[in-house]
Structures are given as C-alpha cells and as structure tokens.
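Residue numbers (my numbering), protein chains in the order written: chain A, 377 to 785; chain B, 377 to 785.
There are 2 protein chains.
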Amino acid sequence: MSSPGIAFSAAFAGTVPAPAARWAGFPRYNFVGGHNDSALIPLDALAEAAAAVLRREGAILSTYGLGHGPLGYAPLRAFIAAKSKAHRGIAATAEEVLITVGSMQGIDLVNALLLQRGDTVIVEEFTFAGALGKLRKLGANIVGAPLDAGGLRIDALAAILRDLKARGTAPKYIYTIPTIQNPTGSVMPLERRHALLALARQYEVPIFEDECYADLVWAGSAPPALYALDPAWVLHIGSFSKTLAPALRLGFVIGPWEVLGRMLALRTDGPGALGQMVVAEYFTRHFDEHARRLTAGLRAKLDVMVEALEREFGTAAELWRPEGGIFLWLRLPEGVDVRKLVQPAAAAGIAFNPGPEWAADPDAAAPWMRLCFALPSPADIREGISVLARVCAEQTGIPARSANVVTAG
Amino acid sequence: MSSPGIAFSAAFAGTVPAPAARWAGFPRYNFVGGHNDSALIPLDALAEAAAAVLRREGAILSTYGLGHGPLGYAPLRAFIAAKSKAHRGIAATAEEVLITVGSMQGIDLVNALLLQRGDTVIVEEFTFAGALGKLRKLGANIVGAPLDAGGLRIDALAAILRDLKARGTAPKYIYTIPTIQNPTGSVMPLERRHALLALARQYEVPIFEDECYADLVWAGSAPPALYALDPAWVLHIGSFSKTLAPALRLGFVIGPWEVLGRMLALRTDGPGALGQMVVAEYFTRHFDEHARRLTAGLRAKLDVMVEALEREFGTAAELWRPEGGIFLWLRLPEGVDVRKLVQPAAAAGIAFNPGPEWAADPDAAAPWMRLCFALPSPADIREGISVLARVCAEQTGIPARSANVVTAG
C-alpha cells in the first residue's frame, strides 16, 4: 500500500522505537494472548443491557466522567465492590474502586506510584509477560521467586527477602497472581496467603496482587484475596477481560484514597463510558450465572486440550494442570528451546506463548510454553495441537511418537 | 468516610504527586470543561446502534483488538477516513487511522514521538489547557505565537521562527487548532493555511494539527485541514468528544505507518471496543444529520450566552465571537485578574475556565476567561451569567452596571 510519507522524521525524539509490526490477522490456530471464547459472549443480553442503559442514562455521556467523577461510572464501581465482597472477601466501598483501561493501566499506575529506575521488584518465577515487559522497560531489577502447585513458595521467598535485606536492598513490591496464577493456573491456599502477608509485614514490602483470573476458578470459589486479609499491605487489581471480554479494556484497582487519589494524579485518561455502563448493567443482574456458564465452557475446552496434548505428545509434555482460567502451562523435555519453534509453528498457522517470555529468567524457561484454549473451537484445538506436535517433532525429534505414530527422523 | 489506610507509603516513588482532589460533583452553573449538551445525545439511536452491532458482531469482543489489529475497530477507522475526506479534504485510508483514548492520548503520542525534556514547542498564545499542562509536565520550552480573528498570525510566527533559528533552536512542532480554535473559536482561512504550511516547510518544523472541534462549525464547512494540504508536514488528531460525547473517550490520529506504527510501539493500550462499535454503527448512518442538529443546538445556546453576557456585563466584557464549538472566550477590563474570581464564583455555584490556564503566558491572560455553553440549560446560562456578574462586581467593581442596575460598592 502506498502511504503519503512524512518529511519530519528528523524531529523524532532520540528514544523513539521502530514502528510496530503491521497487523497480519490472527493465525489459524490461535493459542496466544488472553482471548476468550467467542461463543460465550452473551450477545443478546449485552444488546439488551446496552439498549436499556443508554435509553435510561445515555444523556450523561455528554459530560466528562459522566458526572460520577474520575474514579469511573458509579454503578460499575458499586458492582465491583459488591462482587469483591461476595467472591473475594474484600470490604471496599465504591469510593475505593478505580476503573482502569484494562488491568494494564492498573499495572502502569502501580509502577508509577512505586517504581523508579533501578528499583528491585520480586515477581513469581513464571509470570505475566505484560508485567515483565513493563518492568524491563522501566529498568527495574527483577528477582524471580520459585513457584509450586500452591503458588509462591514461602520458604524460598523468605530466603530472597532475607538475602536482599542483607545486601541493603528494599524491594518495592512482590508481584503475585495468587488466584489462577499466570501461567501455571494455580490457586494459593489460605495458610500460604497468611504466611505471605506475614513476610510482607516483616520485611515491609507491599504486595501487588493481580486477580485478573479470579472469577474463573473451576472449584467455583477460592480463598479470600490477599487484599481482603490485609489491605494495609496490598495493592489489588482486577479485570473484566477474562470474565467477560478483553476488547472492552476494563479493569480496576481497589484501594484507599491515599492510593487511588495519587493514581488519578498520575493518569492521563480513563476508560470510555459505554463499556462501563453496559458491563454494570449486565453484571449487576447476571454475574453469577455468567461466571458459572463461562467457567464450565472453559473447563470443557481445557479437557479437549489436555486430551489432545496427551494423545499427541504423550509423556513428552509435562502439563501444569490449571485450577481455572484460559491457559495451560507445559514443559517439553530438557534441551528443547521453544523459541526455536515459534517461526516453524507460525508457518504452520500456529501461535503459542513461548515460556521464556513468561519468565523472570528467560533462558531457564526454554522448554516451557503457554497455550490458551479459550478462543479456538474444540476442533481447532485438536487439529492445532496435532499440527504443533508435528512441527515440534520435525524441529526437535520430540515427541518421538505422536498419536501412536512414530515420527520419522 | 473511613478508609483502611496503607502501611507502605514509604515505598512511594519520590516523584509521586499528592492525591487528586476528591470528586465533589458538578457545580450548579457549569461553564468549564468540554461537556456537551445532554439533550442532544441521541439516546434512542445510540440504543438501537448498540443493540444492532452487538447482536451482529458482539462475538468479536472475545478477542484483543477485535481481530482488527491494534489501530482499532475497522468500520470506525473506515468511517473516520470517509468523514475526513468528505469534510476535511483528507485522502487517507482506514489503515492510516489510529483510534485513541480521546484526543488526550493523541497528544500524549505526538509528544512521545517528538519531544524530549528541554525541547522547544510553538503554541498559539491562547490554547488548550490540557496540551499546555502536558508540555509543562514534560519540561518543554513553550513559545506562544499571537492570534487574531483568523488564527495564528503568519507575520508574527515567521518572526518567531526566524528568531529561534538565529538562536540555533529548532522547535519540535507548531501546535495549532486551526478549525474552531480553542479558546477563541476562530477558523483559519485557506490562504493562511497555505502560508502556515510554507513556513513549516521553510523552517522544517512539523505542524501538530488538533481538529477536535472541526465538526461543529456554524457555517457548516471550513477550509480543508492542514493535513489535507500537506500530509508530509502535519500530524493530525481529532476526537468524538465534542461531535458526540466526551465520556466515550474516543479520538484518532491520521497519518502514515511511519507515524502510527511508532505510536503503537509507544502506547500501552487503546480504547475499549464497545464505544468504537457503537459510534461506527451510529455515525456511518447518521453523521451529517447529527452534526447539523448538534451544531444548530449549540449555536442557539451561544446566542443565549451572548445575550446574557451583553445584558449583565455590557461593555465590560469583550467577547471573541466563536465560529462554532462549545465555548466563548472573553476579556474583562485590564486590571481584573480572573484567578481571584475562581473561589468566590465557586462559592456561588459557578465554575469557569480562567484565561491564565489557557495561555502560553498565564499572567498576560489574567483578564480572560473561557465559558462553555454546551452543558447548562438556557435558563441556567442566563441565571449563571447573572450570578457571575454579581460575583465579579462584588470582587472587582466590574461590571459597574449590570442588567441596568448600578452595583453598590
């Protein structure tokens, strides 16, 4: 495509990056990102909610902030407070909720509040690539803490904190995703939550709790949020991206004015009103039913993916079975570097998240990958995993036997 | 209200500002901000558009970027391209449109692309407070260029550019609002647009064109956008805040991939999909009719405000009659400092924009104020201006005679 071109590139700031890659559409087998199941978007209910709230309250769109102030649309804040109380044990009022442009803005605001270049931050050894990317861009010193099936290992974290203290380093926060950890899908048990908070108090390090997936727990409930157990030491963010739809770009921070008022002073802009109004209208009436239906649908897709992986990879893929959410974290045998699979997989129409992008120590995560199962249909999951196994075998000789067929080579 | 409080304020970054002021609701007579007329929000049409687009395409909400890529919802980009061609003379494809979180994100992205601390920027002597605030925060050296009824004065701008060049300073951009200037409401004539572009080429300074108000011209049309006349030297942004509703937080940048691709690499997140989908659905069918109705309604409110100001202030208020838009820029006699009126006016239920916040040289703008007429009803405009005249007379002795009553004092 021809493009007009510009004459002023000499004026670009010295720090400006190269242009982003041009959009080339989704791959055939899309196992990346945090996409949700299109079939589980409640089209009619959202259409009805949108029409109802616009007819009833649409006139307030004429004002900045809807006349509800900079924290966001008041009924959505009230819903978040009510849901957080009912499901996460959090006692917060609507005045303690700030609506954000997805949880990414929440992460940006926590970083703006706490971080300066060179500061040390503790993260889970495997964690959200978006948070890691921001920390790297901010020049933070990233320390990874080991995980097991219950999330952060308290003994190992205590050793890290002790060691940092001995070296005179005060970490700015501990970033954790305790309820459906990203990427492992684990849920931290209650006793461990208490132990983690005890460490936060002992070492005077705030905990940055990311609960983006907390509505999608197979068991239907999880131990209370860390923020519920000790709000004085926790920054809490959440999102509607996974619970309803990522394209809405709606997330939230829960905290006192000391925190939210400063975040408002730091932020340029908030999310659009229409998404806020429609989500409040829909979820105030239908949240529990929606979360149940969505969770059941996602769990069924996980089963399809696990079955396909077991059939195609056999024992060559070690799965970290998630307790909820939209992704599966798996490990190929030592020696495999999944980064080398990205291009051949893309050529075969497959996108996956390479483990190194989801790890504090990228090289140590070379054999890991994250597969999202929410967007593709069951048929595409089966087909895509079969193609992935073929690509993997071609590139690495693993799996040596796929779907009972010994691969050549 | 009691609030849990936090234990980790010691971890705040050294640069963190004090909390924002708590929201106290809108004032009785609200003449600030860029609010629109609530009565002119098309409730039924928006409700129908929302329901239609959600039923038809809502399933794509399940994906990041709707499967349309990071520039934004494709039908909205196509509409912006079509409208910009029809009304602003711009030849751009949908691939040359980036949807932003209001025009504020557009300003942030232009600044991120071009500015580093200490860089020099030329702005109109009176200009958008939001843009000025960002430039001050970024540590830019702000040079104001004089305005007249046709916008930027070319002779004066040429002198400034000559002078800067003689001192070895290359300004990073010239920020202009040529079509309904903010706050004067002027429209720059075609010959002057050409002359401005000739200066940009001569001095190799890009022009940053902000066309947030260009859909609201009393005359129904305006000369082509600067971007239409020479895309190689112009960065162009626009917004739906004034044309439809500010709470939507939808704006756009038009430019080639060289610019947009870099902005994408610089940006954390884009606007929510729901607003984009509904605006595209509504405006693709109803834009011209909507713009005509809105403009007529706003013009009638301006007439009410002008009449009230003339009645209450007489010759004490010198009005800069706008050629469109939602605000009126006026000047009280020399010696009045409107900053001293802010508190007494607030106590009487009135909010206005003090001229110094809208000026490159705040002190020189002490007698100026900006009054937005879009949000208040005609009755509130009349009443509010009458109360404003009383407050002003009490504080400054001006106007000495209001509505044919000589004020005491």
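Idealized CB from N, CA, C, for every residue including glycine.
- Message: Just verifying my parser: in three-state terms, what is the DSSP assignment at D570 of chain A?
- Response: It should be noted that the sequence gives His, not Asp, for residue 570 of chain A. Note: H570 of chain A maps to helix in three-state DSSP.
- Scan the segment 609-629 of chain B for residues whose Cβ lies nearer than 7 Å to a Cβ of chain A and list them as they occur along the chain. Cβ contacts with chain A: W609, A621, P622, A623, L624, R625, L626.
- Determine the closest residue to E472 of chain B out of B:G773, B:R638, B:Y549, B:A723, with distance taken between C-alpha atoms. Of the candidates B:G773, B:R638, B:Y549, B:A723, B:R638 places its Cα closest to the Cα of E472 of chain B.
- Task: Mind checking who R707 of chain A pairs with in its DSSP beta bridge?
- Result: Partner(s): A:E694, A:W744.
- State the CB to CB distance for the pair G561 of chain A and P698 of chain A, rounded to an integer number of angstroms; the pair is presumed to be in contact (CB under 8 Å). That pair is a contact at about 2 Å.
- Query: Cα-Cα, which of A:F504, A:V610, A:R577 is closest to L537 of chain A?
  - Reply: Nearest C-alpha to L537 of chain A among A:F504, A:V610, A:R577: A:R577.
- Query: Can you round the beta-carbon distance between A742 of chain A and D713 of chain A to whole angstroms, since I take them to be within the 8 Å contact cut?
  - Reply: A742 of chain A to D713 of chain A, Cβ: 4 Å. Contact.
- Would you verify that the beta carbon of S597 of chain A is, or is not, closer than 8 Å to some beta carbon of chain B? Not an interface residue.
- Query: With 16 other CB atoms within 10 Å as the buried threshold, where does M377 of chain B fall?
  - Reply: Per-residue confidence for M377 of chain B stands at a pLDDT of 40, beneath the threshold of 50, marking its modelled position as unreliable; no derived number is given.
- Listing by chain order, which chain B residues have their CB less than 7 Å from the CB of R638 of chain A? Within 7 Å Cβ-Cβ: V392, P393, P395.
- Using a Cβ-Cβ cut-off of 7 Å (strictly less than) and excluding sequence neighbours within five positions of G465 of chain B, which residues of its own chain qualify? The answer, listed in chain order, is P600, A601, A604.
- Helix, strand or coil: which one does DSSP assign to S378 of chain A? Here S378 of chain A scores only 44 on pLDDT, less than 50, and its place in the model should not be relied on; the value that follows carries that caveat. Three-state result, S378 of chain A: coil.
- Can you round the beta-carbon distance between R707 of chain A and W744 of chain A to whole angstroms, since I take them to be within the 8 Å contact cut? Rounded to the nearest angstrom, the Cβ distance from R707 of chain A to W744 of chain A is 5 Å, consistent with a contact under 8 Å.
- Query: Quick one: Cα of M480 of chain B to Cα of A590 of chain B, how far?
  - Reply: Pairing M480 of chain B with A590 of chain B, the inter-Cα distance amounts to about 16 Å.
- Message: Against chain A, with Cβ distances strictly below 8 Å, would L419 of chain B count as a contact?
- Response: Yes, because at least one Cβ of chain A sits closer than 8 Å to the Cβ of L419 of chain B.
- Message: Just to confirm my understanding: we take A724 of chain A, look at its own chain, exclude 5 residues before and 5 after, and list those with CB closer than 6 Å. What are they?
- Response: Result list for A724 of chain A: V763, V767, in chain order.
- Item | Cβ neighbours of F455 of chain B in the same chain (closer than 6 Å, five flanking residues each side left out) | Within the same chain, F455 of chain B has close Cβ partners A656, F659, T660.
- Message: Contact between the segment 500-507 of chain B and the segment 551-560 of chain B is defined here as three or more beta-carbon pairs at a separation below 8 Å; is this criterion met?
- Response: With the cut-off at 8 Å, the segment 500-507 of chain B and the segment 551-560 of chain B touch.
- Should the segment 662-681 of chain B be called in touch with the segment 515-533 of chain B, which here means at least 3 C-beta pairs below 8 Å? The segment 662-681 of chain B makes no contact with the segment 515-533 of chain B, as fewer than three CB pairs between them are under 8 Å.
- Message: Pull the bridge partners of D524 of chain B from the DSSP assignment, please.
- Response: Answer by DSSP bridge pairing, in chain order: B:G527.
- Task: Assign L566 of chain B to buried or exposed, taking buried as 16 or more other Cβ atoms, counted over all protein chains shown, within 10 Å of its Cβ.
- Result: Looking at its Cβ environment, which holds fewer than 16 other Cβ atoms inside 10 Å, L566 of chain B is exposed.
- Item | Same chain only: Cβ atoms within 6 Å of D737 of chain A, ignoring 5 sequence neighbours per side | Hits under 6 Å: G520.
- Item | Proximity to L674 of chain A [Cα-Cα], best of A:I530, A:K461, A:A415, A:I761 | Just measuring C-alpha positions, the residue of A:I530, A:K461, A:A415, A:I761 sitting nearest L674 of chain A is A:A415.
- Query: Under a CB-based cut-off of 8 Å, is M377 of chain B close to chain A?
  - Reply: Model confidence at M377 of chain B stands at a pLDDT of 40, short of 50, so the residue's coordinates are unreliable and nothing is read from them.
- Query: To which residues of the same chain is I761 of chain B closer than 7 Å at the C-beta, ignoring the five residues directly before and after it?
  - Reply: Answer for I761 of chain B: M681, A684, L685, E688, listed in chain order.
- Go ahead and pull the three-state DSSP assignment for A784 of chain A. Unreliable positioning characterises A784 of chain A in this predicted model, as indicated by a pLDDT of 47, which lies under 50. The coordinate reading is nonetheless provided below. A784 of chain A carries a coil assignment under DSSP once its states are collapsed to helix, strand and coil.
- Query: Would you say the segment 406-413 of chain B touches the segment 403-410 of chain A, given that touching needs at least three Cβ pairs under 8 Å?
  - Reply: Taking a cut-off of 8 Å for Cβ pairs, the segment 406-413 of chain B and the segment 403-410 of chain A do not touch, as fewer than three such pairs fall below it.
- Item | Within 8 Å, strictly: CB atoms of L611 of chain A and P582 of chain A | Yes, they are a contact pair.
- Message: Under 8 Å, Cβ to Cβ, is there at least one residue of chain A near I518 of chain B?
- Response: It does not; no Cβ of chain A falls within 8 Å.
- Output the distance between the C-alpha atoms of A462 of chain B and D606 of chain A, rounded to the nearest integer angstrom. Approximately 58 Å between the Cα atoms of the pair.
- Message: Would A574 of chain B pass as an interface residue toward chain A - the criterion being a Cβ-Cβ separation below 8 Å?
- Response: Cβ-Cβ to chain A under 8 Å: no for A574 of chain B.
- Message: I need the straight-line Cα distance from I498 of chain B to V563 of chain B, nearest angstrom please.
- Response: Cα-Cα distance, rounded: 19 Å.
- Contacts around L717 of chain B, its chain only, beta-carbon distance under 7 Å, and the 5 residues preceding and following it disregarded: Residues V767, C768, Q771 of the same chain have their beta carbon placed closer than 7 Å to that of L717 of chain B, with the five preceding and five following residues left out of the count.
- Message: Given a cut-off of 8 Å on the beta-carbon distance, is the pair A389 of chain A and L491 of chain B in contact?
- Response: Yes, Cβ-Cβ distance for A389 of chain A and L491 of chain B is below 8 Å.
- Task: Compare the beta carbon distance of Y440 of chain B and P559 of chain A with 8 Å and say whether it is the shorter of the two.
- Result: In terms of Cβ geometry, Y440 of chain B and P559 of chain A do not form a close pair [threshold 8 Å].
- Neighbour-count burial assignment, K513 of chain A, 16 or more Cβ in a 10 Å radius: Its Cβ having fewer than 16 others within 10 Å, K513 of chain A is exposed.
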